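Engineer: No gaps in the numbering here: position 96 of the sequence shown is 619 in the working numbering, and each next residue is one more.
Note that CB positions come from ideal geometry on N, CA and C, so glycine has one too.
Only a predicted model underlies this, so the values are computations on that prediction, with no experimental measurement involved.
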Amino acid sequence: MTIDFTQYALLSAAVFAIGVYGVLARRHPLAVAMSLGLMFAAPVIALVGFTHNQGNVPGVQLGDALSTMAIVAGTCICSVAFALVVLLWRRTGRADVDALGDVEG
Numbered sequence: 524m525t526i527d528f529t530q531y532a533l534l535s536a537a538v539f540a541i542g543v544y545g546v547l548a549r550r551h552p553l554a555v556a557m558s559l560g561l562m563f564a565a566p567v568i569a570l571v572g573f574t575h576n577q578g579n580v581p582g583v584q585l586g587d588a589l590s591t592m593a594i595v596a597g598t599c600i601c602s603v604a605f606a607l608v609v610l611l612w613r614r615t616g617r618a619d620v621d622a623l624g625d626v627e628g
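(1) Taking the alpha carbon of Asp527 as the point to measure from, which residue in Gly542, Ala536, Gly572 has its own alpha carbon closest?
(2) Here's a check: name, in chain order, each residue in its chain whose Cβ is nearer than 7 Å to the Cβ of Val538, leaving out the five neighbours to either side.
(3) Identify, in the order they occur along the chain, each residue of the same chain with its Cβ nearer than 6 Å to the Cβ of Ala604, setting aside the five sequence neighbours on each side.
(4) For His551, which of helix, strand or coil comes out of DSSP?
(5) Is the CB of His551 under 7 Å away from at least one CB in chain D?
(6) Does the separation of the CB atoms of Leu553 and Val608 fall below 7 Å?
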């Protein structure tokens, strides 16, 4: 059984849709940050699908390298988001998206 690009595209679309639902339906900032991480991972899945679908073309590892760098960048973004949630918790005593309006500089 071989996996063609259509299956990668469907998986990427499903992961992105789950991420969008999580951003729109959740109020807790950690859940929103995890959903944003899912939305960030969806194009990485599509990128890997594009590169692996090309066959024995030199430079196929380029997609793998780019996806690794994208995952590292996404991890850094999520780490900053988690740090901001901890800061929000310490300043307001609650961690929901509505508490962002109560934060004063």
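Structural biologist: In brief:
(1) In the sequence shown, residue 527 corresponds to position 4, counting from 1. Among Gly542, Ala536, Gly572, the Cα nearest to that of Asp527 belongs to Gly572.
(2) Reading the sequence shown from its first residue, position 15 is the one you call residue 538. Once the five neighbours on either side are set aside, the close Cβ partners of Val538 are Leu561, Ala564, Ala565, Ile568.
(3) Here residue 604 corresponds to residue number 81 of the sequence shown, with the count starting at 1. Hits under 6 Å: Ala556.
(4) Looking up residue 551 in the sequence shown gives position 28. Reduced to three states, the DSSP call for His551 is coil.
(5) Note that chain D does not occur in the displayed structure, where there is just one protein chain.
(6) Working through the sequence shown from its first residue, we reach residue 553 at position 30. Working through the sequence shown from its first residue, we reach residue 608 at position 85. The answer is yes: Cβ separation under 7 Å.
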